[in-house]
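Sequences listed follow chains H and R, in order.
Residue numbers for the first sequence follow this note's numbering, so the first one is 13 and each next one is one higher.
Residue numbers for the second sequence follow this note's numbering, so the first one is 13 and each next one is one higher.
The beta-carbon is built from N, C-alpha and C at its ideal position, and this holds for glycine as well.
To keep things clear, I will list the structure first and then write my remarks on it.
There are 2 protein chains.
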Amino acid sequence: MPQLGLLPRRTCAALLSQLLRRAACIRAVGCHSQVAQAMLTSQLKSHQEKTNFIKTPKGTRDLSPKQMVVREKILDTVISCFKRHGAEGLDTPAFELREFLTEKYDNESGLIYDLEDQGGELLSLRYDLTVPFARYLAMNKLKKMKRYQVGKVWRRESPTVVQGRYREFYQCDFDIAGQFDPMIPDAECLKIMYEILSELQLGDFLIKVNDRQIVDGIFAVCGVPESKFHTICSSVDKLDKISWKDVRYEMVAKKSLAPEVADRIGDYVQRHGGISLVEQMLQDPRLSQNKQALEGLGALKLLFEYLTLFGITEKISFDLSLVRGLEYYTGVIYEAVLLQTPAQAGEEPLNVGSVAAGGRYDELVAMFDPKGHKVPCVGLSIGVERIFHIVEQRMKISGEKVRATETQVFVATPQRNFLRERLKLIAELWDAGIKAEMLYKNNPKLLTQLYYCEKTGIPLMVIIGEEEQKAGVIKLRLVATREEAVKREHLVAEIQKRLSVLSLA
Amino acid sequence: MPQLGLLPRRTCAALLSQLLRRAACIRAVGCHSQVAQAMLTSQLKSHQEKTNFIKTPKGTRDLSPKQMVVREKILDTVISCFKRHGAEGLDTPAFELREFLTEKYDNESGLIYDLEDQGGELLSLRYDLTVPFARYLAMNKLKKMKRYQVGKVWRRESPTVVQGRYREFYQCDFDIAGQFDPMIPDAECLKIMYEILSELQLGDFLIKVNDRQIVDGIFAVCGVPESKFHTICSSVDKLDKISWKDVRYEMVAKKSLAPEVADRIGDYVQRHGGISLVEQMLQDPRLSQNKQALEGLGALKLLFEYLTLFGITEKISFDLSLVRGLEYYTGVIYEAVLLQTPAQAGEEPLNVGSVAAGGRYDELVAMFDPKGHKVPCVGLSIGVERIFHIVEQRMKISGEKVRATETQVFVATPQRNFLRERLKLIAELWDAGIKAEMLYKNNPKLLTQLYYCEKTGIPLMVIIGEEEQKAGVIKLRLVATREEAVKREHLVAEIQKRLSVLSLA
């Protein structure tokens, strides 16, 4: 779907643009704000009833401060795990030369955001973090690297915002590049997925595993014509959403696959299990005759052995229906799904799709390398946006409160004309590394200040007034509980003592 | 400069694109990698001598793992300071509806990256974080907010990479929106700039301060025609780079300003000083007759009073030549510069321009608000890219080593056939939250493993072999110093003990 046919709200856009131009024009010649402002206001007013046209681009969103706190917490968990496994950080530009991106994503290329040709290079926004990683390896002639990267990627997909899918979203990737002994890095990738999903406490999950060579082998032994490999792949890919019956119908009726071929495929792709299924497939009379399938099954057998040593096989399922969409995979592929929606009373069922996925792509780097040098790679991507969506939904239901700031101390006064004293005091706190706020008012009411602390969850208040100043003390109050006077010169130490009791230092 | 006239390397691009298309095509029909790979390799080979055409887009770069560590450290300092001042986080999309960006940057609009019209809304990459913040406030009808935002912005400037200027770069912004008593938030912004630049230890710095109203006032009393305000502004803006003589020449010869008007301007804009210069200007016979100038000077007087309470005036300079380019400023403006290049023996002089800047923009939000509601704002932006450039240069000279990973423990074996034992052991460490690595080899050499630790700076090694296994112990070695055996079951505790001694826990 190269064109999504979105209709712009051109009328509003044109109007705003025109108004802004006029306002800017007025400002530019020095006749400042008031006039421009008045014009803008009156002209916009006549349109305000029609629509509120301030928005973010379709499929994108802002993250509010409280959402930011939740997302940072998720990212922290993910990045900590990546670092625990010895990964180095990497950052690449948001856009790449267009020719580096096209042809890497097969029929998804139409979803790439192109930049306008403004004179110069033709550029496109990155579609994932994998292709830029491969480009980085080839460009720097690196033969091995274990890196993580966290950053936004952009896809012009039809956004189904309800399920946490956006056109702009974060990816958190971990990849191991290099020629190593078989399945050791692959097993570590699955261990990482297991660790992250466990730590995030999203509920029970399952990591489906397969191998592209097994997929190819199955198609070959079932008699899928080579010209249909790709389209049949994409039918099989739907098995997690629709029934085999419907998939079969699509293959036979829509894609003209012989019914007996479809049935043979169905015999395979409906199976899933553990290491015993791998053994069973290795004995399969047809598959065991196919070189690719045998290689893939051998790889999975070794993988399962390592996963057993890691103690994580209970969450791993060899699933023959898993094919993974992206063109560049060449070996093991995997995808983690939440097993049940974490449904509590009153919670709506969540269908968020996969929350992590990845696989082996041994030939992508060579596509960039001028000499075609191969650097085998395996990696994974954590679907933080979907995870964020789940966590957010759950918090909404539980009513869990999130503080948007980390402020520890509020500097207050009960009296007029204490601004200067407050400013000196708060500077002292900042200089001591204490997170502190005050109201930007000359003479705020004490109640307003108290209310601000309660609303934003600030745990401590220091209060300075005439009385305190005379006595050379400062009131230090644990918001809404008790209050005590401390000596002015001990203030910072006293605050730190209380913060450490509150575990907020 | 709307078009920068960059020439694409079309020949190479076309070739690569064609090759990739063919390779992808081959893969798509199932005839896998080997053939495609061979074709790709051989065809690319014939062109490899001509050019190495893998690159990032002009004006952009990758950040290598070691660069990432340095940048993260800088960002941590900046963000910690923002949080210390009670700021909430915010994230906005990388692109905005195009009409929201155009006309906000005056003659810099040509530097905005536009996205191609692929059907749908017309979009552009954000040019800064200020306009998206104003859009966010207006869209959510927020009347006050203290927020920070860290993210990439994009400008199609002619990149002078040597000085740390890029077309894609990070901005770290802190802004206070809301109607408050005068100069309190403005003073805090300057305090924040002071704190960050001090903590980063970049050497001596100076924060230049002025007020747009003073600029307007000076131009008015000097007799600058309103139609020339803008262009004369941009001449004055060059005073930090070229002499007054050259600026005057530009005004008179190129911009047809009357020589006596230019001289009057020169009398003002060459002055800088502290609070006493503010007092002096308040007594100036011409300026004191101008309402705007008086307002601006009054504001600065109050600002200096607050900065004195914060104890930071020694770094503040009232500088009448400061005008700041961006169209949206309406009041106080400021810009921090490094006073001397931190030149050590052998270090080249650095000219990095300003490292932080900002100001008051009281009318930007109203440009978005359908009802034209005004939300006064003041904020600052830390030039992390330039700071990064300085820190990086300095580290290069000092030879300071940076570790790209945080790995604490390496799992090694001196013997063959210990892969399985290593895998079990490393999983135990990971599960205990210990950052651990091993080589992805069935039978690595002990020397190779030792060398890896030394090269990457891993402080601890655990060594498992036949001997240890028999004795039920594990060797725990402080890399390159000593070695001792510990009981198998105490391993995790022993590692944690040693890490805490090394302050790495």
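| On the three-state DSSP scale, how would you describe M407(H)? | Indexing the first sequence from 1 puts residue 407(H) at position 395. Helix, per DSSP.
| task | Indicate whether M157(H) and A189(H) have their beta-carbon atoms separated by less than 7 Å. | result | By one-based count along the first sequence, residue 157(H) stands at place 145. By one-based count along the first sequence, residue 189(H) stands at place 177. For M157(H) and A189(H), yes; Cβs fall inside 7 Å.
| query | According to the Cβ coordinates, are C184(R) and V90(R) closer than 7 Å? | reply | Translated into the one-based positions of the second sequence, residue 184(R) becomes position 172. Translated into the one-based positions of the second sequence, residue 90(R) becomes position 78. Going by C-beta atoms, C184(R) is nearer than 7 Å to V90(R).
| field | Simplified DSSP state of Q282(R), which is helix, strand or coil | value | The residue given as residue 282(R) occupies position 270 in the second sequence. Three-state result, Q282(R): coil.
| message | In whole angstroms, give me the CA-to-CA distance for K482(R) and F186(H). | response | Locating residue 482(R) in the second sequence gives position 470, counting from the first residue. Locating residue 186(H) in the first sequence gives position 174, counting from the first residue. Rounded to the nearest angstrom, the two C-alpha atoms are 36 Å apart.
| request: Please state whether DSSP places R510(H) in a helix, a strand or coil. | output: Translated into positions along the first sequence, residue 510(H) becomes position 498. Note: R510(H) maps to helix in three-state DSSP.
| request: Verify the CB distance criterion: does R138(H) have a CB-CB separation below 7 Å to chain R? | output: The residue given as residue 138(H) occupies position 126 in the first sequence. Cβ-Cβ to chain R under 7 Å: no for R138(H).
| field | Members of the region 406-432 of chain H that neighbour chain R once the beta carbon cut-off is set at 8 Å | value | A416, T417, E418, T419, L431, R432
| said: Alpha carbons only, please: which of K250(R), K383(R), R168(R), P388(R) is nearest the one belonging to E375(R)? | reply: Counting from one through the second sequence, the residue named residue 375(R) turns up at place 363. The option with the nearest alpha carbon to E375(R) is P388(R).
| Through-space distance from Q304(H) to M450(R), alpha-carbon basis | As a working mapping, residue 450(R) is identified with position 438 in the second sequence. As a working mapping, residue 304(H) is identified with position 292 in the first sequence. Distance between the alpha carbons of M450(R) and Q304(H) is about 30 Å.
| With 16 as the cutoff for other CB atoms within 10 Å, does R110(R) come out buried or exposed? | Residue 110(R) sits at position 98 when you count from the first residue of the second sequence. By the 10 Å Cβ count, R110(R) comes out buried.
| request: Would you please state the rounded distance, in angstroms, between the beta carbons of G131(R) and K70(H)? I believe it to be under 8 Å. | output: By 1-based counting over the second sequence, the position of residue 131(R) is 119. By 1-based counting over the first sequence, the position of residue 70(H) is 58. Rounded, the Cβ-Cβ distance is 11 Å, inconsistent with contact.
| Residue-level contact to chain H via CB, T142(R), 7 Å cutoff | Translated into the one-based positions of the second sequence, residue 142(R) becomes position 130. Closer than 7 Å: no.
| Span separating the alpha-carbon of I66(R) from that of R168(R) | The sequence position of residue 66(R) within the second sequence is 54, counting from 1. The sequence position of residue 168(R) within the second sequence is 156, counting from 1. Rounded to the nearest angstrom, the two C-alpha atoms are 21 Å apart.
| query | At least one CB of chain H closer than 7 Å to the CB of A36(R): is that the case? | reply | Residue mapping note: residue 36(R) aligns to position 24 of the second sequence, counting from 1. Unreliable placement is indicated for A36(R), whose pLDDT of 37 sits below 50; the coordinate value is still reported in the next sentence. Output row for A36(R): interface = yes.
| said: Which residues of the region 289-321 of chain R have a Cβ closer than 9 Å to any Cβ of chain H? Give them in chain order. | reply: Q304, E317, Y318, L321
| said: I'd like to know whether the C-beta atoms of V248(R) and S333(R) end up nearer to each other than 7 Å. | reply: Here residue 248(R) is taken as the residue at index 236 of the second sequence, counted from 1. Here residue 333(R) is taken as the residue at index 321 of the second sequence, counted from 1. Their beta carbons are under 7 Å apart, which means V248(R) touches S333(R) by this criterion.
| field | Ranges of the alpha helix (DSSP H) found wholly within the region 206-275 of chain H, counting only runs of at least 4 | value | 224-234, 241-248, 256-261
| query | Helix or strand or just coil, what does DSSP make of I470(H)? | reply | Looking up residue 470(H) in the first sequence gives position 458. In the structure shown, I470(H) sits in coil (DSSP, three-state: anything other than H, G, I, E or B).
| request: State the Cα-Cα distance for the pair K467(H) and Q461(H), rounded to the nearest angstrom. | output: Looking up residue 467(H) in the first sequence gives position 455. Looking up residue 461(H) in the first sequence gives position 449. About 10 Å.
| task | Could you say which of R224(R), I446(R), V143(R), F400(R) lies nearest to F181(R) if we only look at CA atoms? | result | Counting from 1 along the second sequence, the entry for residue 181(R) is found at position 169. Answer by Cα proximity: F400(R).
| task | Return helix, strand or coil for I204(H), following the three-state DSSP convention. | result | As a working mapping, residue 204(H) is identified with position 192 in the first sequence. I204(H) falls in the helix class under three-state DSSP.
| DSSP-derived helix/strand/coil call for F330(R) | As a position in the second sequence, residue 330(R) is number 318, starting the count at 1. Correct three-state label for F330(R): strand.
| message | Can you tell me whether L102(H) is buried or exposed? The criterion is at least 16 other CB atoms within 10 Å of its CB, across all chains shown. | response | Walking along the first sequence from the start, residue 102(H) turns up at place 90. The residue in question, L102(H), is buried, as its Cβ has 16 or more Cβ neighbours within 10 Å.
| said: Less than 8 Å between C-beta atoms, sequence neighbours within five positions excluded: which residues of the same chain meet that for T325(R)? | reply: Here residue 325(R) refers to the residue found at position 313 when the second sequence is read from its first residue. The residues are G286, I287, F316, L319.
| field | Rounded C-alpha distance that separates R138(R) from K116(R) | value | Walking along the second sequence from the start, residue 138(R) turns up at place 126. Walking along the second sequence from the start, residue 116(R) turns up at place 104. Cα to Cα, R138(R) sits roughly 11 Å from K116(R).
| query | Which residues, in chain order, does the region 234-256 of chain R contribute to contact with chain H at a C-beta distance below 8 Å? | reply | E238, S239, F241, H242
| Which one of T243(H), A270(H), M151(H) has the shortest CA to CA distance from D381(H)? | As a first step, residue 381(H) is located in the first sequence; it is residue number 369 there, counting from the start. Considering only alpha carbons, the answer is M151(H).
| query | How many whole angstroms separate the CB atoms of I507(R) and Y346(R), which I take to be in contact at a CB cut-off of 8 Å? | reply | Stepping through the second sequence from its first residue, residue 507(R) is reached at position 495. Stepping through the second sequence from its first residue, residue 346(R) is reached at position 334. Incorrect: roughly 49 Å between the Cβ atoms, too far for contact.
| field | With 16 other Cβ atoms within 10 Å as the buried cut-off, status of L127(H) | value | Translated into positions along the first sequence, residue 127(H) becomes position 115. Classification for L127(H): buried.
| message | Against chain R, does E262(H) count as a neighbour if the rule is that its beta carbon must be under 7 Å from one of theirs? | response | Residue mapping note: residue 262(H) aligns to position 250 of the first sequence, counting from 1. Answer no: the Cβ-Cβ gap between E262(H) and chain R never drops below 7 Å.
| message | Tell me the rounded alpha-carbon separation between L289(R) and R283(R). | response | Locating residue 289(R) in the second sequence gives position 277, counting from the first residue. Locating residue 283(R) in the second sequence gives position 271, counting from the first residue. C-alpha separation (whole angstroms): 8 Å.
| task | Taking only beta carbons into account, state which residues of the region 83-113 of chain H come closer than 9 Å to chain R, listed in chain order. | result | R83, E84, S92, C93, K95, R96, H97, G98, A99, E100, G101, L102, D103, T104, P105, A106, F107, E108, L109, R110, E111, F112
| task | Spell out a yes or no on whether the region 77-90 of chain R and the region 400-419 of chain H are touching, meaning 3 or more CB-CB pairs, one atom from each, closer than 8 Å. | result | no
| request: For I394(H), collect the residues of the same chain with a Cβ closer than 7 Å to its Cβ; drop the 5 residues on either side in sequence, then sort them by chain order. | output: In the first sequence, counting from the first residue as 1, residue 394(H) sits at position 382. These residues qualify, in order along the chain: V90, C184, I208, A368.
| What residue range is occupied by the uninterrupted beta strand (DSSP E) comprising D518(R)? | A question about residue 518(R) goes unanswered here, because the residues of chain R that appear run from 13 up to 517.
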